[in-house]
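Note sheet for the following structure.
Listed below in C-alpha cells is the structure:
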C-alpha cells in the first residue's frame, strides 16, 4: 500500500468472509453520519442519534428498496478506534448481505478502505503507536494462548513504553551535550563523561535484551518447526503418532518405511508446532526415492527450530546413529529421544547414551523422566554420565530424554524439555521483553550498534560531540519502532499486511 493520506470517508467490511450471525460494515471519517443518513431508515437519522448509541432500522437503496434489516451504531470522535466519527452497520451474516450494504455505502460517497487503513488512521491520529498497530494483526493471527497474551501486552503499550523510555534517555544525553557545546560556561555534561558512558551502556544492555527475545517471540507468534530425525527403524514414526495422538505416520518393522516428510500440527507447552516426521538417514539408501527422502530430511533438519533425534535404546548408540546425527548442527536445539526405554534392561541406558554423545563432542544434559534437569536417581550411572557430559563443556541446547512411544513413558516430560531447550522457561508473556517482529529486532540491533560507536568514541577520549551522531542514529532507530520517526514507505509496508476492514 502506498502511503498517501486521503481523509475522505472510508468504508470496509470488518468481519471475515463467509456465513455467520452478523457482518459489520464500518465507515470512518468526517461526514460518516451524513452518508449513513442517505442509507439508513429508522426512528431517527444517524445524525440525530445520541453519541455512542445503537438503533434498529433498514438499509435501503436510492429507489427505497430494502437491502437488509440492520443495527446501526454511531460513535463520535475522538472516542473511537480511529479517533474519527465512525458508523458501524451490523447486517445479517453472509457475503451477499454485507456486500450489498458496502456497495450502497460506496455509492453514497464513501471510498473503499485500503488494507489496514482503519488502524493506520488510529496511528496517524495518535491513538496508538506503531508497535500497538502491529500488535493488532499479531492478535488476529495468534496461533497460541501465549502468542495472544504477548500481543495483548504489546497492544497495551508494553513494548512501546520501553522503547520510548530508551529514546528519551538518548535524546536527553544529546541535549546535555549540545547545551555544553553551545554554552561552555555551563561546563561539561552533568555528571561528566563517565556518567554519559554509563547511561549509554545501560541503554545498550536494555536494547540488546529486548532484541535477544526475538527468537522466542517469533516462535510464540508464528509457531515452531520441529523435525523428528534419526537413522531408519528407531521409532520416529511411532514418536510422531504418539505426539499427534493418532496414526499419522505408517509404522512398519522394515527400515525405510517413511520416504517423504509427514507433517501435522501439535502443541508443546502452549507453543504451536509444525511437527515433521522425516525419512531415516543412512549412508547406503536402497534407491532413488529413498535418496530423495533423505535429502528432504536433511533440508527439514536445517530449516527446523528444534530437532527430536530418536535413538533405539535396545540397540544403543552406534555408527549409523552418529552418521545421521552428523546432519544436525551443534547449534541447533536438539532433544535426543532414547526410545524403547520401557524394554527390560533398557531403562538405565539414557545416562550412558548421554555420556557417549558428550564424548562425541555434543554438549548434552540427561533429563530424567520426571522432567527434572539433572541426574535420574533410578539410574545408578546417571551422575557419572552427567560428569562426562560436563567434561566437554556446560550443557547448552542438547538434551537426552528416555521415552517409549509404545507406552508413553517420558512423554509427559517432553513439553518441559522443549521449553527448556528453546529458552522458554520463566517466560513472562506480559513482560515487555518479548519482541515478535523482525522489524523491531533489526531496529534494536541498529540502535545497539550506534550506541556502541558513541560509547567507543567517549572511551577513546574524544570530545562528547563526537558521540552525538551515533546517539542520533540510535534515537532514530528507536523512533522507527514506535512511529515517532517514520517514513511513508514504512507505514505503507506495515499496513499492507492487514485485512481491508481493520
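In the numbering used here, the protein residues as written are 1236 to 1737. Backbone N, C-alpha and C define an ideal beta-carbon position, used for all residues, glycine too.
Reduced DSSP secondary structure (H/G/I, E/B, other) of residue i
i: residue 1250; result: coil
i: residue 1734; result: coil
i: residue 1367; result: helix
i: residue 1654; result: helix
i: residue 1292; result: strand
i: residue 1553; result: coil
i: residue 1268; result: helix
i: residue 1574; result: strand
i: residue 1675; result: helix
i: residue 1509; result: strand
i: residue 1569; result: strand
i: residue 1537; result: helix
i: residue 1276; result: strand
i: residue 1469; result: coil
i: residue 1724; result: helix
i: residue 1498; result: strand
i: residue 1202; result: With the chain covering only 1236 through 1737, there is no way to say anything about residue 1202.
i: residue 1516; result: coil
i: residue 1558; result: helix
Whether residue i touches residue j by CB criterion (8 Å)
i: residue 1546; j: residue 1556; result: yes
i: residue 1506; j: residue 1381; result: yes
i: residue 1562; j: residue 1533; result: yes
i: residue 1512; j: residue 1471; result: yes
i: residue 1514; j: residue 1531; result: yes
i: residue 1717; j: residue 1364; result: yes
i: residue 1247; j: residue 1332; result: no
i: residue 1245; j: residue 1388; result: no
i: residue 1652; j: residue 1540; result: no
i: residue 1508; j: residue 1669; result: no
i: residue 1262; j: residue 1321; result: yes
i: residue 1341; j: residue 1296; result: no
i: residue 1362; j: residue 1714; result: no
i: residue 1707; j: residue 1516; result: no
i: residue 1635; j: residue 1573; result: yes
i: residue 1551; j: residue 1588; result: yes
Spatial distance of residue i from residue j (CA atoms)
i: residue 1259; j: residue 1319; result: 17 Å
i: residue 1390; j: residue 1696; result: 43 Å
i: residue 1571; j: residue 1633; result: 8 Å
i: residue 1642; j: residue 1680; result: 47 Å
i: residue 1406; j: residue 1442; result: 15 Å
i: residue 1575; j: residue 1396; result: 51 Å
i: residue 1440; j: residue 1270; result: 53 Å
i: residue 1675; j: residue 1639; result: 42 Å
i: residue 1733; j: residue 1353; result: 10 Å
i: residue 1529; j: residue 1536; result: 11 Å
i: residue 1292; j: residue 1343; result: 18 Å
i: residue 1569; j: residue 1538; result: 13 Å
i: residue 1264; j: residue 1453; result: 35 Å
Beta-carbon proximity list for residue i, same chain, < 6 Å, skipping 5 on both sides
i: residue 1705; result: 1685, 1688, 1689
i: residue 1355; result: 1730
i: residue 1612; result: In this prediction, residue 1612 has a pLDDT of 33, which is less than 50 and means its spatial position is unreliable; nothing more can be read from the coordinates.
i: residue 1428; result: 1693
i: residue 1326; result: 1258, 1303, 1305, 1332, 1333, 1336
i: residue 1323; result: 1259, 1261, 1308
i: residue 1330; result: 1252
i: residue 1709; result: 1405, 1682, 1685, 1686
i: residue 1377; result: 1383, 1386
i: residue 1486; result: Any reading at residue 1486 needs caution, since the residue's pLDDT is 49, under 50, leaving its predicted position unreliable; the model's value is listed next. 1472, 1473.
i: residue 1276; result: 1292, 1293, 1295
Close beta carbons around residue i, own chain, < 7 Å, minus the five adjacent residues each side
i: residue 1404; result: 1434, 1438
i: residue 1369; result: 1672, 1729
i: residue 1316; result: 1353, 1357
With 16 other Cβ atoms within 10 Å as the buried cut-off, status of residue i
i: residue 1367; result: buried
i: residue 1289; result: exposed
i: residue 1722; result: exposed
i: residue 1728; result: exposed
i: residue 1287; result: exposed
i: residue 1467; result: buried
i: residue 1294; result: buried
i: residue 1254; result: exposed
i: residue 1375; result: exposed
i: residue 1737; result: buried
i: residue 1301; result: exposed
i: residue 1702; result: buried
i: residue 1298; result: exposed
Nonlocal neighbours in the same chain, by C-beta distance under 8 Å from residue i, ignoring five residues either side
i: residue 1510; result: 1461, 1463, 1475, 1478, 1479, 1498, 1499, 1500, 1501
i: residue 1379; result: 1455, 1458, 1502, 1505, 1506, 1507
i: residue 1432; result: 1690, 1693, 1694
i: residue 1712; result: 1678, 1679, 1681, 1682, 1685
i: residue 1249; result: 1259, 1260, 1261, 1323, 1353, 1736, 1737
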